[in-house]
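Working notes, beginning with the structure itself.
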Amino acid sequence: MTSTLPSPLSVLQQHRVLGQLAAAALETLAGEATRTTFADGDLVATPGQLAEQLWLVAQGHARLEDTEQGWQVNLQAGDWVGAGVSSPAVQQQAQLVALQDATLVALPLATLVAASAQAPALASQLGTLPHVVGGPGLERVHNDPAMNLLATPMRSLLKREPIVAPPTATIREVATIMATQRASSVLLIEQDLLFGIVTDRDLRNRVVAQGLDIERPVADIATLAPLTVQARSPAFEALQLMARHNIHHLPVMDGQRILGMVTATDLTEQHSTSAVYLASDIYKQTTITGLAAVSARVKRLQRHLAAADASAYSTGHIVTTITDALTTRLIHLAEAELGPAPVDYVWVAAGSQARSEQTAKSDQDNCLVLDDSYDDAQHGDYFRALSKFVCDGLDACGYVHCPGEMMAMTDQWRQPLSRWRRYFRQWVEQPDPKALMLTCVFFDLRAVHGNTALLDGLRRQVLAETRGNTLFLAHMVGNALKHRPPLGLFGQIAPTRGGEHSGTIDLKHTGIVPIVDLARVYALAGGLDAVNTHDRLEQAAHAGEVSEDSARDLRDALESLGKIRIAHQARQIERGQPPDNFLRPDELSNVERAHLKSAFGVVQQLQSVLGQRYQGGRF
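As structure tokens, this is what we get:
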């Protein structure tokens, strides 16, 4: 930069709107502003970044453009664009490019929010400026409706009293109620308890299409004992249920009392509801090619969730729900081709999918637990074909084959229940290095499709054998302590030296994995049934395996690391790059750097505590 460039204060003073503010307000804004000179063609702000700052053209020209929609607008000195002045759609979809040599001044969104709260004249001009939510020290800008959805309790989404009918009512009577009330569903109530639900889809598919007598009791076509959600639950749980089970109506309950109904349509203005429609599209596909095309939208879903400031906990559950839907649909397609399974089985997710902690960058870890009536000579070909179809299909959808071949298509991980029982017993009784590596994958299991009782019994056995087993847990602790956070001698962040990712921080293996490992040890020591890391830490605190304060610190560290990782991947997706876990420190703001250092410090401290506990043999 040269001395001839205008100062941020002079740019604000000369602006047609900002120049009308009091001198003190202008000086405060100028103190937070940044001035940058860009060369011709430089990308000033990518889609989504326009929502983070207000840009003023001080010198030269710039161009606002949406490459997907095919429009562009040229800007000159004195024009402004971005937070507060551009529409939400433009902020999320358009990019800003410099023309010739251009100097722009940027005002951070938080600064604008604070200033507009003190200056009504400024607020009146910044029509798309978001408000601020949170308490002192916890404030964050809230400008995406998806964040409302993820933070809002279900109770607040109810729009009307529940529309009900007795299960003895006729199909005609219930259809009349739905037409009169302009409702897409009716709840069936018996003795003030929820009996079932009837939707407009039931009327189409189970009555009209089947030519059913409309004077029959409506209970004949109802979905009995439907899935429900509690009124105090966050709305993302409703999204998760809708997407996972391909449904569009959820009764909202207060205990056993019915409060009303929420539908997918009620949520259509929220970005994250794309998870519901994405799952719905998945269940409509009849080919792997079609599923692969739909799965390509997962990256955009994660980007929307990141833009909405969704929590890492919520994002992991929503993204994993899509993986579950793809897996289930692939199993349906395989069974349609191969015929029904000859014996009971359960398809089981392992690793991050089991923990509901996936992001757009994931490979596949899975296995198959077969009923003990399985006979390889009679049934082996069927299950080999089914598992290969599903695993290859997941690979085609972007969930690459596990490099360690920990997949159901591998003979070793497609076994009867009795063999799985022997596997786990051997790993616990003989915890050699290979066994410890396998436990880190297969002690995190969750049923996705099939007879879930097969997995339930196996998990009960495993937890019974690990609870209080000091020898096994000592080995688990030693293995967990191999993953250390990247902090140097004086507590400074120490990026990787040498290799392909030199100069980066591996957010997964040196940040998130150590917390996952700690939580797994707590869960196995206490015989706790939670699989998600956040939930394990919560249960471990209640069970006394770790203090309440330490569990809360680890949950906060996990959330902080997870959000930084998701934001890093979202930026890569925006740039058209494949998402990964390797972050360069210069990508971080000062605040993010402080959060990262604090999170690493928490992990390092709790690892030390667990190591001392192990050395003392006091499990």
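Here full-length UniProt numbering is used: the first residue of the sequence shown is 1, the next is one more, and so on.
The beta carbon of each residue, even a glycine, is placed where N, CA and C say it ideally should be.
Check whether the region 455 to 473 and the region 580 to 587 are in contact - that is, three or more C-beta pairs closer than 8 Å. no
Gly-576 to Pro-433 span [Cα, whole Å]: 39 Å
Can the beta-carbon of Val-90 be found less than 7 Å from the beta-carbon of Leu-56? no
In three-state DSSP terms, what is Met-406? coil
Classify Lys-159: buried if its beta carbon has 16 or more other beta carbons within 10 angstroms, exposed otherwise. exposed
Could you tell me which residues DSSP pairs with residue 620 in its beta bridges? In the structure displayed, the chain extends from 1 to 619; residue 620 sits before or after that span and is not available.
I'd like the list of long-range same chain contacts for Ser-373, defined as Cβ closer than 7 Å, with 5 residues on each side in sequence excluded. Val-343
Examine chain C for any beta-carbon lying closer than 7 Å to the beta-carbon of Pro-416, and answer yes or no. This model lacks chain C altogether; it includes just one protein chain.
Residues in the same chain with beta-carbon distance under 8 Å from Thr-452, minus the five sequence neighbours each way, listed in chain order, please. Val-346
Residues that DSSP places opposite His-449 in a beta bridge: Trp-347
Are the CB atoms of Gly-48 and Gln-92 within a distance shorter than 7 Å? yes
For the beta strand (DSSP E) that Glu-65 lies in, which residues bound it at each end? 53 to 66
Which residues in the same chain have their Cβ closer than 8 Å to the Cβ of residue 625, if we skip the five residues on either side of it in sequence? Outside the shown range of the chain (1 to 619) lies residue 625, about which nothing can therefore be said.
Does the Cβ of His-568 have 16 or more other Cβ atoms within 10 Å, making it buried, or fewer, making it exposed? buried
Pull the bridge partners of Phe-38 from the DSSP assignment, please. Ala-102
So Met-178 is in the alpha helix (DSSP H); what residue range does that whole segment cover? 171 to 181
Validate contact between the region 551 to 567 and the region 511 to 525 using beta carbons, cut 8 Å, 3 pairs: yes
From this set, Ser-387, Asp-309, Met-409 and Asp-556, which residue's C-alpha is nearest Val-516's C-alpha? Asp-556
Span separating the alpha-carbon of Gly-424 from that of Thr-286: The sequence shown places Phe at residue 424, rather than the Gly named in the question. Each residue's alpha carbon lies about 37 Å from the other.
Which residue wins for smallest C-alpha separation from residue 626, given the options Leu-54, Thr-223 and Asn-205? The question about residue 626 has no answer, for the chain in this structure spans 1 to 619.
How close, in whole Å, do the beta carbons of Leu-18 and Gln-53 come, if the pair is a contact with beta carbons under 8 Å? The Cβ separation is near 14 Å, so there is no contact.
Over the uninterrupted alpha helix (DSSP H) stretch that includes Asn-479, give me the two end residues. 470 to 480
Report the rounded CA-to-CA distance for Ala-325 versus Asp-66, giving the unit in angstroms. 32 Å
Bounding residues of the beta strand (DSSP E) (the contiguous stretch that carries Ala-94): Counting along the chain, Ala-94 falls outside any beta strand (DSSP E), and DSSP gives it neither H nor E.
What does a CB cutoff of less than 6 Å around Glu-465 pick up in its chain, not counting 5 residues either side in sequence? Val-428
Pair within 7 Å by beta-carbon distance, Val-369 and Leu-330: no
If you draw a straight line from the C-alpha of Gln-560 to the C-alpha of Ala-543, how long is it? Going by the sequence as given, residue 560 is Ser instead of Gln. Looking at the two C-alpha atoms, the distance is approximately 24 Å.
Note down, one range per segment and in chain order, each beta strand (DSSP E) of at least 3 residues found wholly within the region 368 to 439. 414 to 416
What do you get for Lys-361, buried or exposed, if any count of 16 or more other CB atoms within 10 angstroms of its CB means buried? buried
Alpha carbon of Gln-14 to alpha carbon of Gln-20, nearest angstrom: 9 Å
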